[in-house]
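Below: the structure, in structure tokens.
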Amino acid sequence: MKLATWNINSLNVRLPQVLDWLAAHPVDVLALQELKLTDDKFPVQAFTDIGYQAQWFGQKTYNGVALLSKAPAVDVIKNIPGFQDEQSRVLCGTFDGVRVIGAYFPNGQEPGSDKFAYKMRWLDALREWVRAELVAHPQLVLMGDYNITFDDADVWDPVGLRETIHCTTEERTHLQALIGLGLTDSVRLFPQPEKNYSWWDYRDFAFRRNRGMRIDHILISEALKTRATACAVDKLPRKNERPSDHAPVVLTLS
DNA sequence: ATGCCTCAGCTCCTGAGA
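If you read the first sequence in my numbering, its first letter stands for residue 761, the second for the next number, and so on.
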């Protein structure tokens, strides 16, 4: 079983790239973030045509998430139960017995801002919900655009970007709290290239200079850790014409 | 650098992303 996550920064713009990528990498589940379209504009037929089922949770202009899958989704949930949220950020379903949560974590903009406070509240709510989901579903994957780095190894300039957004102690404490639930960062289970990032700024030739951050993650439960055989960032789509600023991350389970 | 690029929208500038 293969699972992947990809922030595609507008499904309208990136649909051809998503279809091409799935043709080359026929994963069982692909979580998408930043659809940037309303539910009525979701191109379900394009995915049906290539043999994928889809769950989607869109929003005008911002956010929006989807789960594309070969198997049907069971027990689908949109956003975090009990957490009032105007923004479409979470989509959850069970596929072949594996509970999959696809999430677009808030950006947070700047420490001290209202958006940062929202990010912290959202992370609190997510953690408590995932804690309960893990009890009901021991085989669980939490993947998406976390907008948080684990540590300096995930940042191209850890000194210059110290305590800036995605790199603050407060955000990293929240990320570690998810690890504390019994989840594992699947990328680090396997040898990786030096300076292994998943996002690069569009500006200043950041990708070419590999000035990036690893902010897209696939966290897996203990029960799945024993099934994990590979996990890596696929940088190739970032070299496309009109690429997303993020690259997909792919996990292989036995 | 309050800069750089990209996308959506009440679109020809602004807000947001990260």
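Virtual Cβ for every residue (Gly too), placed ideally from N, Cα, C. As the structure is a computational prediction, the values presented were derived from the model and not from experiment.
Judged by DSSP secondary structure, Lys838 falls within the beta strand (DSSP E) whose first and last residues are 834 to 838.
Here the C-alpha atom of Thr808 lies approximately 8 Å from the C-alpha atom of Ala814. With 16 or more other Cβ atoms inside 10 Å of its own Cβ, Glu893 counts as buried.
Taking C-beta atoms as the reference points, Thr821 and Lys796 count as a pair closer than 8 Å.
Burial state of Ile939 is exposed, judged by a 10 Å Cβ sphere holding fewer than 16 other Cβ atoms. Judged by DSSP secondary structure, Ile939 falls within the alpha helix (DSSP H) whose first and last residues are 929 to 940. Following the DSSP letters along the chain, one finds Leu782 inside the alpha helix (DSSP H) bounded by residues 771 to 784. Annotation: the continuous beta strand (DSSP E) that includes Arg859 extends over 858 to 864. Assigned with DSSP and collapsed to three states, Leu921 falls in coil, not helix or strand. Gly818 sits away from Tyr864, with the two beta carbons spaced by 8 Å or more. Distances from the alpha-carbon of Leu792 to those of Asp800, Ala784, Asn772, Gln952 put Asn772 closest.
Rounded to whole angstroms, the separation of the alpha carbons of Leu763 and Asp788 is 6 Å. Membership of Phe910 in any beta strand (DSSP E) is not indicated, and neither H nor E is assigned to it by DSSP. Look at Phe817 here: in three-state DSSP terms it is strand.
In this structure, Asn839 is the residue among Asn839, Asp911, Gln847, Pro871 with its C-alpha nearest to the C-alpha of Arg887. Non-local beta-carbon contacts of Tyr812 in its own chain, meaning distances under 6 Å to residues more than five positions away in sequence, involve Leu828 in chain order. In this structure Ser958 is buried. Its beta-carbon is surrounded by 16 or more other beta-carbon atoms within 10 angstroms.
Your pair Ile978 and Leu935 does not check out as a contact, with CB atoms roughly 13 Å apart and the cut at 8 Å.
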